Amino acid sequence: NRHGDLHWARATTSAVAAILKNPAYAGAFVYGRTRLRKPLDGRSPTKAPKPIEQWRIIVKDRYPAYIAWQSYEKIRDIISDNRAEYMRNKTRGAPREGELLLQGIAWCGRCGHKMYARYKRRAEYVCNHLRSHQGLPACQYIRAPRVDAAVAQAFLTALAPAEIDALSCARRAQQQTYKAIRSNAEQQLERRRYEAALAERQFNRV
Ligand SMILES: [Zn+2]
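Residue numbers (my numbering): 177 to 382.
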């Protein structure tokens, strides 16, 4: 792309997040939003965001603004609040489509972050948090079928006693219903016998 060309791209989470966090949309020229972080294992350095107080240069009203600077700061606050909320609750989040069992409720055993389900070539759980938020290498990928099979097995094992309970509970309820129907029928029979006896006496008297 040449400078100034319009470039259409898919609205991925990271693209939208990048736009929301980009001060240029509030008309500001900013320099020094990130620092380079050198991984210990000798890989090439990655960019990590710096807090807004540590940005080196901020020149407001430099570009035509889409949003006011106050709105920009408000949006930043909301995003960081959302993140804090997420870290506090580690909520399940909105249920999404997909066949994996642990979608939205799998947590990484290594770094403790939420894993997401990916259906790219094969189904897998991915811990991408450190990469997408801190520019570190992705933490781990786990193939889903074996995990899901183990979860299903554990679920059924846990369910078995409950299932037996539910069955005996249903039996009891059924027996009570039968009892009620039976005693109702018996009462009716009793009444009919009485009516018959009465009719017999009346007939004989006549
Ligand atoms: Zn992880």
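Beta carbons are placed, not taken as given, at the ideal position from N, Cα and C, and that holds for glycine. Please read all numbers here as calculations on a predicted model, not as lab measurements.
Query	Result
E300 lies in the beta strand (DSSP E); which residues open and close that run?	300 to 303
Kindly indicate which residue of I243, P313, A326, L374 has the alpha-carbon position closest to the one of G218.	P313
Within 6 Å: the Cβ of C345 and any heavy atom of ligand 1?	no
Can you confirm whether the stretch 329 to 341 touches the stretch 237 to 249 when touching is taken to mean that 3 or more C-beta pairs between the two stretches lie within less than 8 Å?	no
Inspect the CB distances between the stretch 308 to 323 and the stretch 363 to 382 and report whether three or more fall short of 8 Å.	no
Identify, in the order they occur along the chain, each residue of the same chain with its Cβ nearer than 7 Å to the Cβ of A224, setting aside the five sequence neighbours on each side.	T210, R211, R213, Q310, G311
Evaluate the contact criterion for the stretch 237 to 244 versus the stretch 200 to 210: three or more CB pairs, one atom per stretch, below 8 Å.	yes
Do you know offhand how far R238's Cα is from R232's?	16 Å
Go to Y224, then tell me how far its beta strand (DSSP E) extends in each direction, as first and last residue.	It should be noted that the sequence gives Ala, not Tyr, for residue 224. Note, A224: beta strand (DSSP E), 222 to 225.
Taking its Cβ as the centre, do 16 or more other Cβ atoms sit within 10 Å of P227, making it buried, or is it exposed?	exposed
Rounded to a whole number of angstroms, what is the C-alpha to C-alpha distance between T152 and A194?	The chain is shown from 177 up to 382; residue 152 falls before or after that span and cannot be answered.
In the stretch 292 to 347, which residue ranges form an unbroken alpha helix (DSSP H) of at least 4 residues, counting only runs that do not cross its ends?	305 to 310
Closer than 6 Å to a non-hydrogen atom of ligand 1 - does that hold for the CB of R252?	no
Name the residue from R298, A282, S190 whose alpha carbon lies nearest to the alpha carbon of Y292.	A282
Does ligand 1 have even one heavy atom less than 6 Å from the beta-carbon of F309?	Note on identity: in this sequence residue 309 is His, with Phe being the wrong assignment. False, no ligand heavy atom lies under 6 Å from that Cβ.
Helix, strand or coil for V192? Go by DSSP, reduced to three states.	helix
Would you say R286 touches ligand 1, meaning its beta carbon is less than 6 Å from a heavy atom?	yes
Kindly examine ligand 1 and report whether one of its heavy atoms sits closer than 6 Å to the Cβ of H183.	no
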